[in-house]
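Since the structure comes first, as structure tokens, the remarks are kept for the end.
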Amino acid sequence: MQGVTSNDFSSACGTPRHDLESSSAATVSAGPGPAPVDLLRRLRARGAADPVTHVERVPARAGVPAPWPSWAPAQLRTAFTGRGVVAPWQHQAEAATLAYEGQHVVVATGTASGKSLAYQLPALATLLADPRATVLYLAPTKALAADQLRAVAALELEGVRPASYDGDTPRTEREWIRRHSRFVLTNPDMLHHGILPGHAQWSGFLRRLAYVVIDECHTYRGVFGSHVAHVLRRLRRQCARFGATPVFVLASATSGDPATAAGRLTGLPVTAVTEDASPRGGVTFALWEPPLLPPDAGSSPPVQPGSSSPVPPQATGDDPSRSVPPQGNGDHDDLRQVRRSALRETADLLADTVAEGVRTLAFVRSRKGAEVVAANARRALDDAVPGLGDRVAAYRGGYLREERRELERALLHGDLLGLASTNALELGVDLVGLDAVLICGYPGTRASLWQQAGRAGRSGQEALAVLVARDDPLDTYLVHHPEAIFGAPVEATVLDPANPYVLAPQLACAAAEAPLTPADLALFGDGAKEAVDELVAAGALRQRPTGWYWRHRERPEVDLRGEGGAPVAVVESSTGRLLGTVDGGSSHFLLHPGAVYLHQGVSYVVDQLDLVDGCALVHTEEPDWSTHARDVTDLSVVSVRSYVDAGPVGMFLGEVDVTSQVVSYQRRRIATGEVIDTRPLDLPTRELRTVAVWFTLSPQSLTLAGVQPADVPGALHAAEHAAIGLLPLMATCDRWDIGGLSTALHPDTEAPTVFVYDGHPGGAGFAERAYGTAAAWLRATRDAIAECGCETGCPSCVQSPKCGNGNNPLSKPDAIRVLDVVLANLPR
Ligand SMILES: [Zn+2]
Ligand SMILES: [Zn+2]
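0 is the number of the first residue of the sequence shown in numbering that gives the first Met the number 0; add one for each residue after it.
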């Protein structure tokens with residue numbers, strides 16, 4: 000590794016990190032911990048049963064350095080060398096050269112592989128060669144943009160004048176930035192709301208735009224990603240009007256088929272560089288399943304799964320509109336727990352590793368959960384050695400930069416040994432080279448999992464990573480199917496720019512910026528003509544010989560992150576204080592009158608939900624019950640896009656209308672889960688036109704498979720729950736993005752049917768993905784149910800934390816029979 004210092008690339012920013020160099024690492028009080036294999040042996044020996052289901056050894060990798068590209072000017076090399084970067088790694092040099100030669104490129108490599116050098120090099124070389132050229136950099140978070148700004152500014156290149164331009168930028172500085180900065184760092188929201196509508200003021204900058212950098216581009220997925228795709232097309236259109244055709248350079252976490260995803264995002268042909276040539280320490284990766292609780296330790300079940308109670312006549316629906324998990328720590332508080340909670344298990348592991356002097360980071364999905372893990376670990380450590388608990392802290396998003404830097408410093412220097420964090424750390428915070436990483440619950444995608452695990456391992460040292468399974472079907476499946484983690488490529492990022500609910504408002508924005516021409520329709524892709532025609536019919540656009548004109552004075556109001564309606568404000572009645580907001584889609588579930596609403600650990604009860612004014616009035620109260628909204632869902636098929644006719648089984652993809660209404664809520668004792676009562680609600684219905692995947696089975700095939708007619712609803716309902724739980728294995732969604740409905744006889748299909756639909760108007764690409772991978776998806780679903788150790792169904796297999804029917808009826812054995820029939824007939 001001549002000519003390359005050991006750690007200079009171990010930052011996600013590709014900028015040198017003096018504080019991580021081996022000289023300073025050797026002086027930290029933490030010191031090298033025990034070998035990961037020994038550490039793991041001690042951790043798993045604590046209980047009676049071995050919780051480890053699999054150990055994977057991820058070997059160390061030596062870095063492959065490359066010479067500086069010949070086109071990189073000496074001044075730039077000197078600046079990088081001055082920051083400790085002696086030479087690029089192979090993948091950095093390759094991507095940089097492609098971009099410098101004018102190709103759109105995406106570099107998709109692991110955490111800490113130094114992706115930023117891949118775009119800094121061509122972008123800055125161009126700025127130095129052409130004193131008029133400009134660069135636009137987009138990041139999904141302000142923290143990441145701030146880190147990048149510091150990295151570029153530290154190179155002290157004359158005439159570049161890097162500046163960030165976001166909602167916090169003072170008005171007084173904005174004009175200076177537009178006129179003088181040649182490296183502007185911003186985010187897609189600011190591009191959409193500020194820069195593109197103000198393109199006249201930006202014309203000088205856009206006219207000279209040489210590069211557009213899109214960092215962490217895998218975060219642009221689903222509906223948000225589809226919006227961003229069109230914001231980028233609007234940017235390209237404005238640049239083209241001024242005669243500029245910038246090169247796009249994208250950086251992505253490791254993801255499946257990054258070239259296709261980047262191509263969908265930008266609308267351009269993109270070349271991918273995926274061979275990671277940075278060095279990496281070896282990692283011992285353990286899959287950990289918390290032990291079963293003694294049979295009487297869990298709370299009593301709220302329902303008797305598989306009970307012989309009469310089947311409700313209506314279909315059983317699972318509304319996704321609670322697009323945020325219920326308030327609290329993310330563990331299901333309303334389902335019977337059969338295993339020790341992942342939070343408790345993670346807290347114990349954190350205490351144990353810290354007691355061993357091992358620098359450990361625990362990833363927990365929610366902020367509350369991170370605080371619970373840190374508090375429990377601190378308590379356990381203080382019980383063992385008073386004062387030791389001080390070396391564990393919780394971390395969440397929203398900290399000031401100084402606070403983040405202080406935590407990073409304390410952890411790097413060993414003052415702090417354990418940190419429990421939300422995935423806020425995934426983006427924009429420099430924290431690598433830990434001895435152990437604990438991942439509490441599968442983070443939803445393999446890409447995220449690898450990104451979190453990638454925090455472990457100082458150069459040349461072995462590290463430990465542990466995935467602690469939560470009590471849900473996907474986690475349970477994964478810890479018993481290590482090949483689904485270690486043998487599978489990471490997921491492709493799913494987005495659908497053709498979604499008419501995204502396309503039409505984006506075309507309206509584009510028209511407001513400058514009249515649309517027929518040539519623009521090709522730029523916006525499939526469905527653009529139809530969307531324009533509809534906008535004309537609706538009176539939003541006027542067609543003239545020269546194009547389509549926006550008819551209103553005000554610009555269209557479009558929220559890139561829009562989620563089913565305007566957000567509802569939560570207001571404390573006694574003080575008028577705004578506690579927070581809940582997206583419109585979730586408000587009926589979380590803020591109905593009588594709902595217990597948790598906010599930052601404080602309990603409130605809702606007095607009134609005013610849907611017209613978009614506000615809910617609450618007061619503080621801590622009742623000993625929780626509330627659980629129930630809804631009824633209706634679904635009708637609008638059109639079929641594609642289908643597979645497989646004998647007694649049919650598999651379909653198409654548009655559906657989903658109508659749902661929250662009709663009642665249950666009050667349940669927190670301590671026992673006992674249902675106190677069910678109270679009616681009077682809330683309006685809501686409608687969603689979206690995309691669904693569904694399968695049908697003939698009643699005869701079910702009878703032949705041994706499913707009694709009375710058990711069909713429970714069988715389909717259980718299969719539907721598990722299928723929703725396993726879909727994130729195939730698509731970059733989580734179960735809160737999707738809904739389902741199952742019924743023994745659907746009027747449109749005239750057969751027993753299970754529907755799974757995107758919870759976003761117009762669809763987000765998830766159902767489409769499910770349809771495309773149906774056999775693999777339903778095979779994994781079937782195996783997850785069959786392999787669960789419970790008897791009649793539990794949260795690890797067929798129960799759902801968001802069931803609109805209180806998890807009733809459910810039949811676990813019959814769900815397996817249903818899926819066997821489907822799989823036996825469906826072509827692979
Ligand atoms: Zn189970
Ligand atoms: Zn359900």
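A virtual CB, placed ideally from N, CA and C, is assigned to each residue, including glycine.
- Message: Just to confirm, is the Cβ distance from Val617 to Ser659 under 8 Å?
- Response: no
- Would you list the residues whose beta-carbon is nearer than 6 Å to any heavy atom of ligand 1, in the order they occur in the chain? Cys787, Cys789, Gly792, Cys793, Ser795 and Cys796
- What residue from Glu686, Leu342 and Glu402 has the CA that sits closest to Ala376's CA? Leu342
- Just the Cα atoms here: how many angstroms apart are Phe204 and Ala258? 28 Å
- Task: For Ser254, count neighbouring Cβ atoms within 10 angstroms of its own Cβ and tell me buried if that reaches 16, exposed if not.
- Result: buried
- Backbone CA spacing between Ser163 and Gly193 [nearest angstrom]: 13 Å
- Between the beta-carbon of Leu42 and the beta-carbon of Asp351, is there less than 8 Å? yes
- Query: Sorry if obvious, but does the Cβ on Ser799 come closer than 7 Å to a heavy atom of ligand 2?
  - Reply: yes
- Item | Bridge partners - Asp37, DSSP secondary structure assignment | Partner(s): none; Asp37 has no beta bridge.
- Three or more beta-carbon pairs under 8 Å between the stretch 745-754 and the stretch 672-679, yes or no? no
- Contiguous alpha helix (DSSP H) assignments of at least 4 residues, all confined to the stretch 186-251: 202-206 and 221-240
- Query: Is it a yes or a no for the stretch 777-790 touching the stretch 705-715, going by three-plus beta-carbon pairs under 8 Å?
  - Reply: no
- Cβ of Gly413 within 8 Å of Cβ of Thr359? no
- Message: Please give the ranges of any beta strand (DSSP E) in the stretch 551-584, keeping only runs that are unbroken, at least 3 residues long and fully inside the region.
- Response: 567-571 and 577-581
- Just to confirm, does Gly803 get its C-beta within under 7 Å of one of the non-hydrogen atoms of ligand 2? yes
- Query: DSSP state of Gly388, grouped into three classes?
  - Reply: helix
- Message: Any heavy atom of ligand 2 inside 7 Å of the beta-carbon of His720?
- Response: yes
- Message: I need the straight-line Cα distance from Ala142 to Arg149, nearest angstrom please.
- Response: 11 Å
- Task: With hydrogens ignored, establish whether the beta-carbon of His716 is closer than 7 Å to any heavy atom of ligand 2.
- Result: yes
- Residues that DSSP places opposite Ala464 in a beta bridge: Phe284 and Val436
- Expected contact under 8 Å - CB spacing of Glu288 and Thr52 to nearest Å: 5 Å
- Tell me whether Asp101 sits in a helix, a strand or coil according to DSSP, three-state version. A small fix is needed here, since residue 101 is Gly in this sequence, not Asp. In this structure, Gly101 counts as coil in the three-state DSSP scheme.
- With DSSP as the reference, please indicate the residues paired to His53 in a beta bridge. Leu286
- Task: Can you say whether Thr910 is buried or exposed, counting buried as having 16 or more other CB atoms within 10 angstroms of its CB?
- Result: One cannot answer for residue 910 here, as it falls past the ends of the chain, which runs 0 to 827.
- Message: Measuring only the C-alpha atoms, how far is Cys614 from Thr574?
- Response: 14 Å
- Query: What's the C-alpha gap between Pro499 and Lys528?
  - Reply: 11 Å
- Query: Nearest CA to the CA of Leu208: which residue from Arg233, Phe241 and Thr171?
  - Reply: Phe241
- Message: Between which residues of its own chain and Cys787 is the CB-CB distance below 7 Å, once the five residues before and five after are set aside?
- Response: Thr475, Cys793, Ser795 and Cys796
- Query: Applying the criterion that 16 or more other CB atoms from any shown protein chain within 10 Å of the CB defines a buried residue, is Ser799 buried or exposed?
  - Reply: buried
- With distances taken from CA atoms, which of Glu405, Leu701 and Tyr756 is nearest Glu767? Tyr756
- Item | Through-space distance from His551 to Leu135, alpha-carbon basis | 30 Å
- Mind checking who Met650 pairs with in its DSSP beta bridge? Val643 and Phe694
- Message: With a threshold of 7 Å (Cβ to nearest heavy atom), would Asn806 be considered close to ligand 2?
- Response: yes
- Item | Per-residue DSSP class, three states only, for Val637 | strand
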